[in-house]
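Here the structure comes first, spelled out in structure tokens, and everything after it is commentary.
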Amino acid sequence: MLPVYLETFGCQMNELDSELVQGQLSALGYRFVARPEDASVILYNTCSVREQAEQKAYSRIGVISARKRAGENLILGVIGCMAERDGLDLFRRHPQVDFMCGPGELDRLPQLIDNVRKSNAAQELEFAQPLALADRTALAGNRSRRSITLSAAEDNLENLDLSRAFDPDSSGGKRHSAYVRITRGCNKFCTYCVVPNTRGAEVHRPPDHIVDECKRLVDAGVIEITLLGQTVNHYRYQHGSAVTIDGREAPQVGPGLSAFRSSAASTGKRTTTFADLLRRIHEEVPALKRLRFITSYPRDFGDDILSVMRDSPRICRYLHAPAQSGSDRILKMMNRGYTVGEYLDFVNRALVMLPDLCLAGDFIVGFPTETDEDFEMTCALVKRLPFKNNFIFKYSPRPGTTAFDRLKDDVPEDVKRFRNNRLLAIQTDVSHATHKEWIGRQVEVLFDEVRTFERAKNAKSNASPITVMGKEIQSSSASSPAQTRLFQCIGRTAGDLIFALECKNEQEAILFVGKTALVEVSAASALLLTGGLSKALVFAE
Ligand code: 5AD
Ligand code: SF4
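If you want our numbering, it's the 1-based position in the sequence shown plus 391.
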């Protein structure tokens, strides 16, 4: 029972990868621990989307490397996008790293750990050769593994998703919500983004595998499933094209953009589109209370998807659709493939069809050549639409991307910082306005966690900070000697708005965890709704 510490950086795709890795290694007898001090194997599942995420991982690697140099017998593995992007450079700069495994090769992780263990054991007997590079690296190395030549039958990575442990304890304690991958990789090549390089070309999983995984998760107690893909609305599976040796359907390389053009000729083959997939899951997994999906690409999001959402009450009225910029010139340089006008048309279409829709997105500020005028257009777009939140990033040049190769990172850091803060402030006002729209309404909330905090007697806002998913949603101020303890159960609406229910005590708060309840919203800040249980209380499993 070798103890393993696994830390995850970055996106939801990485969180899911980590969960699958944990299931895979647990099944082989590894035991997961909460602190690196207690582990013999240390794994960092890394992210390369921005430099900051990489720096954080490097500093963790540095700490473990120092422990290894001081003589501790540890195995250090770097998995995920940074391994894929850095390649052998990582070994050169961090010789204490024992192995690397890219996100497209995670099925080979147990073998890598095994190789290092055997090699370490042999070293102790002093007759061993150093482990060959090939035995301690599993990287796609180029884009070929998931390219057109992908032999679907050999796609072992699919086995990692298929072998998912449906044991709620192996999902990091998140018993009620789960991610299900529908598409791996990305074909869009936005000029700033490393994902197509690190995760490879778009590969769609067979619909039967996805529906089956949803059913099994629901049987294991999951209430809410989030389908994952870099561009979920581009999901498209053509039946009868990719089969395994024994005739079963296999993952399939994406068909390319022509498939989304109205002029696309029919191939005569039955196709499952994203709209079809949503409808199938909604119909075939009736016990699933909430179905959501991320991330939507603002182009090629057809009315067929919106109609299925409208007609399927358990599909959440929530869209995460990153606009990235409000300037057509910058969007073009980003290779996003839509204009601001087209983005507005898409969102307006969605809002007409789904009036309760909650909209979220991402923006990048300080992309090369971005002028004050371009930035003002971004501000105007944020002000114009009812975004519940936006993730705002300063442009980070990423080696291997087109923008890195062709465009000078010419917006000074202080200008990036200023634009970042200004857009955040605008978004805070917009978020406040969208949250306030919910005051007086009854909504269903799925509760996930209990928060306890101190509040000074007779003080309204003198509370310790409350953080949900790493974000501070209630800030602190100076502590007071006369304090009362408060208990809240925190949950989310179908539109992903955070809701806090004040409870009498911890026991009462715990009662709500993992349940949905109808609440009445009485107050709203930019990040949080509050209120009480609806008079017409509905308690559902
Ligand atoms: N610099 C800054 N932000 C980036 N993103 C992706 N690549 C970069 C980069 N090089 C942001 C985009 C994307 C989100 C996941 O990360 O906004 O939607
Ligand atoms: Fe990156 Fe663009 Fe693909 Fe999103 S759509 S993962 S930003 S290349």
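Backbone N, C-alpha and C define an ideal beta-carbon position, used for all residues, glycine too.
Note that this is a predicted model, so its numbers are computed, not measured.
Where the beta strand (DSSP E) containing residue i begins and where it ends
i    : result
A633 : Taken as a continuous stretch (DSSP letters only), A633 belongs to no beta strand (DSSP E), as it is neither H nor E.
C749 : C749 to V756
H711 : Y709 to H711
F684 : R681 to I685
L397 : P394 to T399
Beta bridge counterpart(s) of residue i as assigned by DSSP
i    : result
E640 : V634
M491 : V469 and T528
G923 : E911
L877 : F844
L892 : C880 and G922
K785 : V756
F665 : DSSP output for F665 lists no bridge partner at all.
N578 : DSSP output for N578 lists no bridge partner at all.
R572 : L619
H595 : T574 and Q643
V936 : Only positions 392 to 932 of the chain appear in the structure, and residue 936 is not among them; the question remains open.
Q715 : F754
L837 : R883 and T907
I706 : L682
N780 : A751
R422 : P394
Residue i: CB within 7 Å of a non-hydrogen atom of the ligand 5AD
i    : result
C584 : yes
V806 : no
S787 : yes
Q715 : yes
F692 : no
F903 : no
F784 : yes
C402 : yes
D753 : yes
V910 : no
V440 : yes
Range of the contiguous alpha helix (DSSP H) that encloses residue i
i    : result
P501 : L500 to E515
R483 : L479 to R484
S456 : E442 to R460
Y734 : V731 to M744
T437 : It is not in any alpha helix (DSSP H) - T437 instead sits in the beta strand (DSSP E) that spans V432 to T437.
K660 : Per DSSP, K660 belongs to no alpha helix (DSSP H) and is neither H nor E.
C770 : D763 to R775
I817 : E804 to K827
S409 : Q403 to A418
D800 : Premise fails: D800 is in no alpha helix (DSSP H) and is neither H nor E.
Per-residue burial, residue i [other beta carbons within 10 Å of its own, 16 or more giving buried]
i    : result
A656 : Legend: pLDDT at A656 = 49, less than 50; position of this residue unreliable, value from coordinates given subsequently. Result: exposed.
R575 : buried
A869 : For A869, the predicted model reports a pLDDT of 48, less than 50, meaning its position is unreliable and no value from the coordinates is stated.
G340 : Residue 340 lies beyond the range of the chain shown here (392 to 932); nothing can be said about it.
F665 : buried
N464 : exposed
N547 : exposed
M860 : Because the pLDDT of M860 is 47, which lies under 50, any placement of that residue in the model is unreliable, and the number read from its coordinates should be weighed accordingly. Label assigned to M860: exposed.
T622 : buried
L454 : Note on identity: in this sequence residue 454 is Val, with Leu being the wrong assignment. Per the 10 Å Cβ criterion, exposed.
P803 : exposed
G468 : buried
G645 : buried
N739 : exposed
N896 : exposed
L479 : exposed
Whole-number beta carbon distance between residue j and residue i, since they are thought to touch under 8 Å
i    : j    : result
S568 : E615 : 4 Å
V836 : F890 : 5 Å
I721 : E761 : 6 Å
Y435 : A444 : With a Cβ gap of about 11 Å, Y435 and A444 do not count as contacting.
L407 : Y570 : 4 Å
D691 : N624 : 6 Å
Check: residue i C-beta below 7 Å from any heavy atom of the ligand SF4
i    : result
C577 : yes
F580 : yes
Q443 : no
T622 : yes
Y626 : no
P587 : yes
Y570 : no
Y688 : yes
Distance cut-off 7 Å: residue i Cβ against heavy atoms of the ligand ATP
i    : result
V743 : The ligand ATP is not part of the structure shown, which contains the ligand 5AD and the ligand SF4 as its ligands.
Test: residue i CB closer than 8 Å to a CB of chain C
i    : result
E398 : Among the chains in the structure shown there is no chain C, since it carries only a single protein chain.
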